[in-house]
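Asks: If you read the sequence shown in our numbering, its first letter stands for residue 1, the second for the next number, and so on. Mind having a look at this structure? Questions to follow.
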Amino acid sequence: MDSKRAPDGYLLSRDHVDCDRFEDLGQYPCLWTQMFGYLLHPLIDTSNPHLKVADLGTGTACWLTDLSAQLPPTAQLDGFDLELTQAPPRAFLPSNVRLHKWDIFSEVPEHLVGQYDVVHVRLLVFVVRGEPTELLRRFLTLLKPGGWLQWGEPDVPSMRLVKADPSLAENGLRELFELTAAQDPRLIPQWPDQLGAYFAREGLTAVETQRVQAAATAPHLEFAMHQCNLLMYEMIAARAADGSRAQQIRALIPRAVGESKRGAMYAMHRVVVVGQKKHP
1 MDSKRAPDGY
11 LLSRDHVDCD
21 RFEDLGQYPC
31 LWTQMFGYLL
41 HPLIDTSNPH
51 LKVADLGTGT
61 ACWLTDLSAQ
71 LPPTAQLDGF
81 DLELTQAPPR
91 AFLPSNVRLH
101 KWDIFSEVPE
111 HLVGQYDVVH
121 VRLLVFVVRG
131 EPTELLRRFL
141 TLLKPGGWLQ
151 WGEPDVPSMR
161 LVKADPSLAE
171 NGLRELFELT
181 AAQDPRLIPQ
191 WPDQLGAYFA
201 REGLTAVETQ
211 RVQAAATAPH
221 LEFAMHQCNL
231 LMYEMIAARA
241 ADGSRAQQIR
251 ALIPRAVGES
261 KRGAMYAMHR
271 VVVVGQKKHP
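See below:
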């Protein structure tokens, strides 16, 4: 099955709930960077002063603004998203950061074909139904020969509940996960675990996969990620087509929050895959 947008589009709501919660969710990219230790994978050569980078699904553009501090002002940093309402106004962005509207499920505009040294993608699990081959091919179209694709996703099927004490309750968290997972297959995507194999099948070279489970090495980061994930359930409830299920989700959230405060959390692997586009 090719990757495609689900009939209902984005899994999370894009209304006032997002705006109310985005200040907290905005820490998610920072936490991700702390977990992996980089914005761009060390295999990617950033010595070119005119490096051209595309960030797809840029959201708040915080990944690009952080990257701008690590690169010279001559680098070109372009962010793309279906909507740019979560990003700062143009006047508040670094001089080398530009944001553009583009639906990644549409064809690549001709003027963008083969333009970028690096394409960065992260957290598309909420918009991809099926497997990502079609999207992967589209992203490769943006790259110059020899350019790099970096793609990061959570491996949700690896999720387990971690508790500070085995006696702590976890039923609210477990029920919340199971109820929402049954609502939409994008909440338990299987493909992130196989992303490296998808890269190899499309002819990318120097493919490397890095998996991080912060619960074992930095549980404070995992817990902060867990708190972000709890906020997302409110957005999922706002987007749910089934009103009774939305009510069930909302009813479970306070229980899950209480269990979290006492020392229980969701923990899962997160995956970053990089690969280089072949020269002709």
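Don't be surprised by glycine CBs; every beta carbon is placed ideally from N, CA and C. On a predicted model such as this, the values are computed, not experimentally measured, just so you know.
Spell out the partners DSSP gives Phe80 in its beta bridges.
Replies: Numbered from 1 along the sequence shown, position 80 holds the residue referred to as residue 80. Paired residue(s): Leu56 and His100.
Asks: Can you tell me whether His120 is helix, strand or coil according to DSSP?
Replies: In the sequence shown, counting from the first residue as 1, residue 120 sits at position 120. Strand.
Asks: Identify the continuous beta strand (DSSP E) that holds Val257 and give its terminal residues.
Replies: In the sequence shown, residue 257 corresponds to position 257, counting from 1. Element bounds for Val257: not the beta strand (DSSP E) but the alpha helix (DSSP H), Gly243 to Lys261.
Asks: Closest to Val257 by CA distance: which of Val127, Asn171, His220 and Arg239 is it?
Replies: As a first step, residue 257 is located in the sequence shown; it is residue number 257 there, counting from the start. It is Asn171.
Asks: Are Ala237 and Ala246 closer than 7 Å when you measure CB to CB?
Replies: Locating residue 237 in the sequence shown gives position 237, where the first residue counts as 1. Locating residue 246 in the sequence shown gives position 246, where the first residue counts as 1. Result yes, Cβ atoms of Ala237 and Ala246 sit closer than 7 Å.
Asks: Taking the continuous alpha helix (DSSP H) assigned at Leu39, which residues delimit it?
Replies: Stepping through the sequence shown from its first residue, residue 39 is reached at position 39. Counting along the chain, Leu39 falls outside any alpha helix (DSSP H), and DSSP gives it neither H nor E.
Asks: State the CB to CB distance for the pair Arg186 and Arg129, rounded to an integer number of angstroms; the pair is presumed to be in contact (CB under 8 Å).
Replies: The residue you call residue 186 lines up with position 186 of the sequence shown. The residue you call residue 129 lines up with position 129 of the sequence shown. About 6 Å; that satisfies the 8 Å criterion.
Asks: For Pro189, tell me which candidate among Pro29, Leu84 and Val127 has the shortest Cα-Cα distance.
Replies: In the sequence shown, the residue the question calls residue 189 occupies position 189. Nearest C-alpha to Pro189: Val127.
Asks: To which residues of the same chain is Ser158 closer than 6 Å at the C-beta, ignoring the five residues directly before and after it?
Replies: One-based indexing of the sequence shown puts residue 158 at position 158. Correct list, in chain order: Met268 and His269.
Asks: How about Cys80 and His100: do their beta carbons lie closer than 7 Å?
Replies: Taking the sequence shown and counting its residues from 1, the one referred to as residue 80 is at position 80. Taking the sequence shown and counting its residues from 1, the one referred to as residue 100 is at position 100. The sequence shown places Phe at residue 80, rather than the Cys named in the question. Cβ distance < 7 Å, so Phe80 and His100 count as in contact.
Asks: If you reduce the DSSP assignment to three classes, tell me which class His220 lands in.
Replies: Within the sequence shown, numbered from 1, the residue matching residue 220 stands at position 220. Residue state, collapsed to three classes: helix.
Asks: If you compare alpha carbons, which of Gly37, Leu149 and Pro29 is closest to Ala200?
Replies: Position 200 of the sequence shown, counted from the first residue, corresponds to residue 200. Ala200 has its Cα closest to that of Leu149, out of Gly37, Leu149 and Pro29.
Asks: If you drop the 5 nearest sequence neighbours on each side, which residues of the same chain put their C-beta closer than 7 Å to that of Gly203?
Replies: Taking the sequence shown and counting its residues from 1, the one referred to as residue 203 is at position 203. Answer for Gly203: Lys278, listed in chain order.
Asks: Does the distance from the CB of Val125 to the CB of Glu83 come in under 7 Å?
Replies: For the purposes of this step, residue 125 is taken as residue 125 along the sequence shown, with counting starting at 1. For the purposes of this step, residue 83 is taken as residue 83 along the sequence shown, with counting starting at 1. No, the Cβ-Cβ distance between Val125 and Glu83 is not below 7 Å.
Asks: Just the C-alpha distance for Leu71 and Arg211, rounded to the nearest angstrom, thanks.
Replies: Numbered from its first residue, the sequence shown carries residue 71 at position 71. Numbered from its first residue, the sequence shown carries residue 211 at position 211. About 26 Å.
Asks: Could you work out which residue in Gln115, Leu39 and Ala69 is closest to Asn96 when comparing CA atoms only?
Replies: Here the question's residue 96 lines up with position 96 in the sequence shown. The residue with the shortest Cα to Cα distance from Asn96 is Ala69.
Asks: What's the call for Asn229, buried or exposed, on a 16-neighbour Cβ count within 10 Å?
Replies: For the purposes of this step, residue 229 is taken as the residue at position 229 of the sequence shown. Looking at its Cβ environment, which holds 16 or more other Cβ atoms inside 10 Å, Asn229 is buried.
Asks: Near Met35, what residues of its chain come up, given a Cβ to Cβ distance below 6 Å and the 5 sequence neighbours on each side ignored?
Replies: Position 35 of the sequence shown, counted from the start, is the residue given in the question as residue 35. Cβ within range, chain order: Val212, Ala214 and Leu221.
Asks: His120: which of Ala54, Pro254, Thr33 and Tyr266 sits nearest, CA to CA?
Replies: Locating residue 120 in the sequence shown gives position 120, counting from the first residue. Per the Cα distances, Ala54.
Asks: So is Arg122 buried or exposed if we call it buried at 16+ other beta carbons inside 10 Å?
Replies: Position 122 of the sequence shown holds residue 122. Buried, by the Cβ-count rule.
Asks: Quick check on Tyr233: buried or exposed, where buried means 16 or more other Cβ atoms within 10 Å of its Cβ?
Replies: As a first step, residue 233 must be located in the sequence shown, where it is residue number 233. By the 10 Å Cβ count, Tyr233 comes out buried.
Asks: Tell me which same chain residues have a C-beta within less than 6 Å of the C-beta of Gln253, skipping the five on either side of it?
Replies: The sequence position of residue 253 within the sequence shown is 253, counting from 1. Note that residue 253 corresponds to Ile in the displayed sequence, not to Gln. Contacts found: Tyr233.
Asks: Within 10 Å of its beta-carbon, does Ala216 have 16 or more other beta-carbons around it, so buried, or fewer, so exposed?
Replies: The sequence position of residue 216 within the sequence shown is 216, counting from 1. Counting Cβ neighbours within 10 Å, Ala216 comes out exposed, since fewer than 16 surround it.
Asks: Thinking just about the alpha-carbon of each residue, which of Val272, Glu178 and Glu259 is nearest to the one in Gln248?
Replies: Start at 1 with the first residue of the sequence shown, and residue 248 comes out as number 248. The shortest C-alpha separation from Gln248 is found at Glu178.
Asks: If we call anything under 7 Å between Cβ atoms a contact, is Thr46 one with Leu39?
Replies: One-based indexing of the sequence shown puts residue 46 at position 46. One-based indexing of the sequence shown puts residue 39 at position 39. No, the Cβ-Cβ distance between Thr46 and Leu39 is not below 7 Å.
Asks: So is Ala284 buried or exposed if we call it buried at 16+ other beta carbons inside 10 Å?
Replies: Missing from the structure shown is residue 284; the chain here goes from 1 to 280 and no further.
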